[in-house]
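Read the structure below first, then the notes.
Listed below in structure tokens is the structure:
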């Protein structure tokens, strides 16, 4: 799957645009610690790896197709945060995990976990909306501090659940199991047909 196609698919599933850090990380590619100061040695403990994987599985559960755990999305998220995101985004993500641990997420029932994540999703949307409103009110000189895309939400980094959801979807649909089992996949495409009708219940095509 091409990077731009993957970003477009995830943006569609998110119901809007992706955050600038995610767009830049995915399009510009990640670099090693010797190439950039972005690779900070960020990593998860064993317990946090399990927590991240569990949240990802709540977002994309296993049904008749593999879930996020099958696609090893937790490992993908850890690698992306370490190699492609700034410290402020890593800190924002860590604070989100702190909040989940305080709410005993791993010991909660499925219904309670859903409630917790929905609350975090609402909080992320409110935070983004507030930051966007504040940005519009800034003077022209202050606006120069932001990226050309103008999508950075605040100095605190991308809200935890927003980033969690973006990376879960990106990790899943660019994985082998996600592309070949959750999507309609042709390993060796033949001729290009620009307009093919979908059959009822057919999966979206992997790019």
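Residue numbers (the UniProt record's numbering): 1 to 207. Each residue gets a CB set at the ideal place from its N, CA and C atoms; glycine is no exception. All values derive from a computational prediction rather than experimental measurement.
| query | result |
| --- | --- |
| Mind checking residue 200: buried by the 16 CB within 10 Å criterion, or exposed? | exposed |
| Give the straight-line distance between the Cα atoms of residue 175 and residue 55, rounded to the nearest whole angstrom. | 17 Å |
| Using the C-alpha atoms, what's the distance from residue 88 back to residue 36? | Annotation note: pLDDT 46 at residue 36 (below 50); position unreliable, no value reported. |
| Taking DSSP as the reference, what is the three-state secondary structure of residue 104? | coil |
| Would DSSP call residue 114 helix, strand or coil? | helix |
| For residue 79, I'd like the list of residues in its chain whose CB is within less than 7 Å of its CB, leaving aside the five on either flank, ordered along the chain. | none |
| Taking buried to mean at least 16 other C-beta atoms within 10 Å of its own C-beta, is residue 114 buried or exposed? | exposed |
| Please report the straight-line C-alpha distance between residue 119 and residue 126, rounded to a whole angstrom. | 11 Å |
| Would a C-beta distance cut-off of 8 Å place residue 21 and residue 158 closer than the cut-off? | yes |
| Excluding the five sequence neighbours on either side, which residues of its own chain have a C-beta within less than 7 Å of the C-beta of residue 197, listed in chain order? | none |
| Does residue 45 come out as helix, strand or coil in the three-state DSSP assignment? | coil |
| Rank 68, 63, 102, 131 by C-alpha distance to the C-alpha of residue 52 and give the top, closest one. | 68 |
| Between the Cα of residue 58 and those of 45, 44, 73, 46, spot the shortest distance and give me the residue it belongs to. | 73 |
| At the level of alpha carbons, what is the spacing between residue 112 and residue 71? | 24 Å |
| State the DSSP-derived secondary structure class of residue 68, mapped to helix, strand or coil. | coil |
| Whose C-alpha, out of 122, 91, 48, 64, is nearest the C-alpha of residue 104? | 48 |
| Within its chain, find whatever has a CB closer than 7 Å to the CB of residue 181; leave out the 5 residues flanking it on each side and keep chain order. | 65, 66 |
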